[in-house]
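What follows is a single structure, written as structure tokens, with notes after it.
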């Protein structure tokens with residue numbers, strides 16, 4: 078196994094690696110909607126937070142010489158599921174081609190770090 082911390086990547090909110098790689102699979106830790114330059118500072122609203130999370134995931138993937146085309150599954154956690162599900166989906170789908178959508182789980186949760194509205198983690202596979 079390889080444990081990856083990405084230089085310039087999002088600041089971890091707990092003791093974990095940005096990603097762990099084993100047997101060609103990469104498990105990317107859930108990301109928050111803040112930025113590496115301003116840890117804990119979140120944009121307003123689910124659309125902006127979804128974009129910010131996806132951008133953080135892209136930073137981690139780029140640090141591993143991967144991209145969103147390597148994603149096989151996403152897990153999405155929402156603190157306001159009923160309120161934010163539709164708007165999150167509108168934003169999320171813009172990051173993937175319509176014929177290349179990863180498998181996905183989306184659940185409502187009672188809370189996330191920084192009181193974020195969303196967190197997303199990934200499972201990827203190297204070609």
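In the numbering used here, the protein residues as written are 78 to 204.
Beta carbons are placed, not taken as given, at the ideal position from N, Cα and C, and that holds for glycine.
Just list the residues that DSSP pairs residue i with in beta bridges.
{"i": "residue 156", "result": "The partner list for residue 156 (beta bridge, DSSP) is empty, contrary to what the question assumes."}
{"i": "residue 108", "result": "197"}
{"i": "residue 131", "result": "Residue 131 is not bridged to any residue."}
{"i": "residue 103", "result": "98 and 201"}
{"i": "residue 147", "result": "Residue 147 is not bridged to any residue."}
Relative to the C-alpha of residue i, which residue among the options is closest?
{"i": "residue 199", "options": "188, 174, 179 and 175", "result": "179"}
{"i": "residue 157", "options": "104, 193, 139 and 80", "result": "193"}
{"i": "residue 104", "options": "162, 174 and 95", "result": "95"}
{"i": "residue 167", "options": "128, 111 and 113", "result": "128"}
{"i": "residue 159", "options": "132, 87 and 195", "result": "195"}
{"i": "residue 207", "options": "82, 140, 111 and 101", "result": "Beyond the ends of the chain as shown, which are 78 and 204, falls residue 207; an answer cannot be given."}
{"i": "residue 99", "options": "92, 93, 79 and 90", "result": "79"}
Assuming residue i and residue j make a contact with CB atoms under 8 Å, what is their CB distance in whole Å?
{"i": "residue 201", "j": "residue 136", "result": "The Cβ separation is near 14 Å, so there is no contact."}
{"i": "residue 126", "j": "residue 119", "result": "6 Å"}
{"i": "residue 85", "j": "residue 113", "result": "6 Å"}
Here's a check: name, in chain order, each residue in its chain whose Cβ is nearer than 8 Å to the Cβ of residue i, leaving out the five neighbours to either side.
{"i": "residue 212", "result": "Absent from the model: residue 212. The displayed extent of the chain is 78 to 204, so no value can be given."}
{"i": "residue 161", "result": "123, 155, 194 and 195"}
Only counting the same chain, and skipping five residues up and downstream in sequence, which positions put a Cβ closer than 6 Å to that of residue i?
{"i": "residue 182", "result": "152"}
{"i": "residue 187", "result": "none"}
Taking only runs of the beta strand (DSSP E) that begin and end inside the segment 163-194, which ones reach a length of at least 3 residues, in chain order?
List check, beta strand (DSSP E) in window: 180-185.
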